[in-house]
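FYI, the UniProt record's numbering numbers position 54 of the sequence shown as 54, with every residue one higher than the one before it.
Positions of the beta carbon are idealized from the N, C-alpha and C atoms, including for glycine.
Taking it in order: structure first as structure tokens, then the write-up.
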Amino acid sequence: MAANDRDFPVSLKIPVAWGDMDALQHVNNVVYFRYFETIRIEYFQRIGLMTLLASEQVMPVVAETSARYRRSVIFPDTLLVEAKVSEVGECGFSMSYQVTSLQQGEVTTQGSARVVMLDKSTGKKKALTAELKRQIVQLEHLPTES
């Protein structure tokens with residue numbers, strides 16, 4: 001793996017299931033979005049967003065997502081799925097994902113998502129709380145604003 005691959009603060013190892021493969025005998029493209037969802041929820045737990053959901057009238061919504069497939073993956077394998085926040089805005093943030101095949105020792109897929117916070121009662125955008133921004137900055141080891 002390249003030296004710059006280690007800048008993802010949240011990672012999980014996910015075994016490839018036999019049922020993740022399609023008729024062409026490689027992991028189906030749609031499955032990567034499930035991997036992204038799994039690591040996104042792990043990220044949310046680390047920054048306390050899941051607790052915030054239970055106590056506040058806000059919810060995160062994936063407004064946009066994409067994947068770039070670089071290499072095929074087949075069963076059996078274990079994937080290192082990683083996430084980071086690449087940009088923080090007033091009402092949401094952008095995430096980057098990386099999937100690495102441990103069998104191949106190579107990055108197989110890269111992805112991104114834009115997550116927007118919505119008010120549950122109005123369905124309109126809602127600003128990120130100062131605490132949520134602080135948790136992201138702390139997890140990402142970003143410099144604080146002066």
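Query: Short Cβ contact (8 Å threshold) for R114 with E82; Result: no
Query: Residue range of the alpha helix (DSSP H) that includes V30; Result: N29 to R46
Query: Residue 166, DSSP secondary structure in three states; Result: Outside the displayed range of the chain (1 to 146) lies residue 166, so it cannot be described from this structure.
Query: Beta-carbon spacing of K120, Q57 below 8 Å; Result: yes
Query: Cβ-based burial, D20 [other Cβ within 10 Å; buried from 16]; Result: buried
Query: Test item: CB-CB of L102 and L79 under 8 Å; Result: yes
Query: Cα-Cα separation between V61 and V88, rounded to whole angstroms; Result: 15 Å
Query: G92 vs V116 beta-carbon contact at 8 Å; Result: yes
Query: CB of F75 within 8 Å of CB of V137, strictly; Result: no
Query: Within 8 Å, strictly: CB atoms of residue 169 and S11; Result: In this structure the chain extends from 1 to 146, so residue 169 is not present and cannot be described.
Query: Boundaries (first-last residue) of the beta strand (DSSP E) holding Q103; Result: From DSSP, Q103 is part of no beta strand (DSSP E); its letter is neither H nor E.
Query: Helix, strand or coil at Q57 according to DSSP, with G and I counted as helix; Result: coil
Query: Bounding residues of the alpha helix (DSSP H) (the contiguous stretch that carries K84); Result: Where K84 is concerned, there is no enclosing alpha helix (DSSP H), although the beta strand (DSSP E) it sits in stretches over T78 to V88.
Query: Whole-Å CB distance - D7 paired with K84, under 8 Å assumed; Result: 7 Å
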